[in-house]
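Written out below as structure tokens is the structure these notes cover.
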Amino acid sequence: MYYHLLFPSLLLTGCLSIERRRFMPRSNAYISDKSNYLQEELPCRNDVLSFSANGEQPVLAVINQPLDVSEVQFPDVGVIYLDGNTVIGGVEGTEWQCQKRQNVSYAYFDEYPSDQDVYDPKTWSEMNARNAPKFELHMNRVPGAADSVEIFERNPIHLKIFDDFAVKEWKDYKREMTTDDFVQRLRTLEGQLTIQLGAKLVKEYDIDGIALMRPIGEPIRVGEDKGSYREGVYGSRNPNLENKTMTAICGHIHCDLDSERVPPRCINTFTPKGHCCPICGTLYEIQTYLKRLDDLEMLFSHFSDEFARRNKKKLIDFFHTSTERVDESDYEMRYQIVLIVKDNSTVLDQDLLTSTSTLFLSILGEYWHPTEGFQLVEFKESARDHSYETSSIILGIIFFCLFSIISTFYFSADARNQTRFLYRRGRLIVEGLRAGSAPAEVEMSEHLVPRGEEMGDLASECESANPVFFANRAFSMASLDKEGTLIDVHSVKSKSERENEPSKDIDSE
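What the sequence shown shows, in mature numbering (1 follows the signal peptide of the UniProt record, and there is no 0), is residues -17 to -1, 1 to 492, in sequence order.
Here it is, written out as structure tokens:
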């Protein structure tokens, strides 16, 4: 089953063009797909295929291959499609099944895609024939009123519609569907099993004891959108840009996923129109009155070529690009050009982003005119967070200062203690030599005192009766007096010797 969606919105891929997009659902209901079975076990030959593993849920299935089983247990409620290859009970074409086992086993088919909301981008899988970048704004990931849906193969689908849903065209297996066709289909059992409507879109009624749901109004509208004014000249607006539709789409988006995250340390992020999550990059909103789509294509082509010449690489190597017409009226045309940083796993390259913005603005200036040219009405640019580097430098300086202070205090205190100790010891030696007594050993710790009490302690130590003296007695014959001159040690006498010595006056008598 394939969905073919046509989005006539603009896409920047190096040049501007109206791009066709093809979509197919991410799930299928084929019996040959083992992901549709409990424990992912395909039925072997001669096994029993059961569609009633969960009796409360209806079954949607396609028997797309020849099937060799001994029994098929059909569900109470469900839709099962048979295609041209369907043969039950034959052997030819059953190579997808395993060989017959000794004991018959049960294979339980359990496929009921209950989470395929039409406004959920996960419901649709894009297949772009022109190999355009995979990135799209969220509003472009689901079909809208200006798009076409086409189912290429006969296959049951299950879609949830909780609000009005409009498309430009809908082809169901080569059949052109209209709004009235959908109203009639939704009144059948097949329609109610394949398309689940929200509570405000249906009312319940009873037929022969069977509760059925009748649609209210026209839940699916086809072909109502008339398109934008001269969209072949100025491009087309995407109707999904309306607030109501964007709210429904963004209800299914999780911005914390890896695919939606911005690069590390990127600040000043912004959310473009038509998108649900913040992005890292640049945004330019351009307004024009007379310029055509060809002129905008020429501007961007010039910008892309100049970028490649300067950086030796293409623009799409660094950025996802998107251009949308975002005006709300046909009196003025506004285009939103967004460049999104492609690599969201490495730190943002601020220099590249800034130089790219400068280049684009300089080229835009060549096409600027107050009434006829392009005018820049809004500009946004992300930036790299430098607070991490600044905080690291400041923290390093703080630690260096603390280490310097501690080291200086420790070494200066030790030097002061050593100086004080040598000074006090020298004073004690001098006084001891003057007194003529044998000095004793003194511990260093006894003489380490605070600087404030230094003078008083030195005075008391000089009066000690047991002063210390140098281990080297080279100064035993001389000493320093208080004025710093040398004196003869033998001429210094003790107090008792001076008292017993007769005075010169007595000798003269």
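Note that beta-carbon positions come from the ideal geometry of N, C-alpha and C, so glycine has one too.
In this text, all values refer to a predicted model and were calculated from it rather than measured experimentally.
Which residues does DSSP pair with residue i in a beta bridge?
| i | result |
| --- | --- |
| residue 281 | BP columns for residue 281 are empty, so no partner. |
| residue 168 | Residue 168 is not bridged to any residue. |
| residue 133 | 154 |
| residue 496 | Residue 496 lies beyond the stretch modelled for the chain, which goes from -17 to 492, so this question has no answer here. |
| residue 323 | 264, 303 |
| residue 205 | 150 |
| residue 358 | 270 |
| residue 367 | 249 |
| residue 89 | 31 |
| residue 144 | 180 |
| residue 79 | Paired residues: none, contrary to the question. |
| residue 71 | 50 |
| residue 65 | 46 |
| residue 100 | 143 |
| residue 318 | 269, 308 |
How long is the line joining the alpha carbons of residue i and residue j, rounded to whole angstroms?
| i | j | result |
| --- | --- | --- |
| residue 181 | residue 208 | 23 Å |
| residue 179 | residue 149 | 16 Å |
| residue 303 | residue 351 | 25 Å |
| residue 233 | residue 319 | 19 Å |
| residue 503 | residue 92 | Residue 503 lies beyond the range of the chain shown here (-17 to 492); nothing can be said about it. |
| residue 311 | residue 256 | 12 Å |
| residue 169 | residue 55 | 28 Å |
| residue 466 | residue 387 | The predicted position of residue 466 is uncertain, since its pLDDT is 44 and thus under 50; a value taken from the coordinates is nonetheless stated next. Cα-Cα distance, rounded: 41 Å. |
| residue 236 | residue 130 | 21 Å |
| residue 470 | residue 380 | Bear in mind that the predicted position of residue 470 carries a pLDDT of just 45, short of 50, making it unreliable; the figure below should be weighed with that in mind. If I take the Cα positions, the gap works out to 57 Å. |
| residue 17 | residue 329 | 38 Å |
| residue -11 | residue 323 | With a pLDDT of 31 at residue -11, under the threshold of 50, the modelled position of that residue is not reliable, and no figure is offered here. |
| residue 64 | residue 123 | 31 Å |
| residue 300 | residue 186 | 53 Å |
| residue 82 | residue 14 | 17 Å |
| residue 370 | residue 261 | 21 Å |
| residue 173 | residue 157 | 18 Å |
| residue 88 | residue 26 | 8 Å |
| residue 382 | residue 126 | 59 Å |
| residue 314 | residue 191 | 57 Å |
| residue 440 | residue 416 | With a pLDDT of only 48 at residue 440, under 50, the local geometry of the prediction cannot be trusted, and the value read off the model is given with reservation. Spanning the two alpha carbons is a distance of roughly 20 Å. |
| residue 287 | residue 293 | 10 Å |
| residue 254 | residue 357 | 23 Å |
| residue 101 | residue 22 | 28 Å |
| residue 282 | residue 226 | 30 Å |
| residue 184 | residue 35 | 29 Å |
| residue 290 | residue 317 | 24 Å |
| residue 321 | residue 355 | 23 Å |
Hey, out of the options, whose CA is closest to residue i's CA?
| i | options | result |
| --- | --- | --- |
| residue 305 | 289, 280, 46, 296 | 280 |
| residue 336 | 129, 418, 264, 379 | 264 |
| residue 128 | 322, 386, 296, 228 | 228 |
| residue 85 | 60, 28, 266 | 28 |
| residue 248 | 384, 221, 159, 367 | 367 |
| residue 68 | 14, 53, 46, 268 | 46 |
| residue 133 | 107, 143, 175 | 107 |
| residue 340 | 51, 187, 362, 355 | 362 |
| residue 364 | 274, 295, 297, 266 | 266 |
| residue 171 | 377, 296, 198 | 198 |
| residue 12 | 183, 411, 66 | 66 |
| residue 327 | 400, 355, 244 | 244 |
| residue 160 | 184, 206, 146 | 206 |
| residue 151 | 222, 100, 377 | 222 |
| residue 217 | 277, 250, 242, 225 | 277 |
| residue 275 | 145, 246, 308, 252 | 308 |
| residue 342 | 385, 298, 331 | 298 |
In chain order, what residues of the same chain lie with their CB nearer than 6 Å to the CB of residue i, ignoring the 5 residues before and after it?
| i | result |
| --- | --- |
| residue 258 | 120, 121 |
| residue 70 | 49 |
| residue 140 | 177 |
| residue 203 | 148, 165 |
| residue 155 | 134 |
| residue 448 | Summary for residue 448: the model assigns pLDDT 46, below 50, so the residue's position carries little reliability; its value from the coordinates is reported in the next sentence. Once the five neighbours on either side are set aside, residue 448 has no close Cβ partner at all. |
| residue 360 | 268, 270 |
| residue 32 | 26, 52, 55, 90 |
Go through its chain and collect everything with a Cβ distance to residue i's Cβ below 7 Å, but skip five positions before and after it.
| i | result |
| --- | --- |
| residue 201 | 162, 166 |
| residue 103 | 235 |
| residue 20 | 90, 91, 92, 93 |
| residue 230 | none |
| residue 325 | 301, 302, 303 |
Within the same chain, show all residues whose beta-carbon is closer than 8 Å to that of residue i, passing over the 5 residues directly before and after it, in chain order.
| i | result |
| --- | --- |
| residue 189 | 195 |
| residue 443 | Reliability fails at residue 443, whose pLDDT of 47 lies under 50, so the model's placement of it is uncertain and no value is given. |
Is residue i a contact residue of the ligand ATP, with contact defined as CB to any heavy atom under 7 Å?
| i | result |
| --- | --- |
| residue 329 | Ligands in the displayed structure: none, and consequently the ligand ATP is not present. |
Taking 8 Å as the CB-CB cut-off, is residue i touching chain B?
| i | result |
| --- | --- |
| residue 28 | Of the chains in the structure shown, none is chain B; there is only one protein chain. |
Next on the checklist: Suppose only complete runs of 4+ residues qualify. What are the alpha helix (DSSP H) ranges in the stretch 8 to 62, listed by chain order?
Outcome noted: Fully enclosed alpha helix (DSSP H) runs of 4 or longer: not present.
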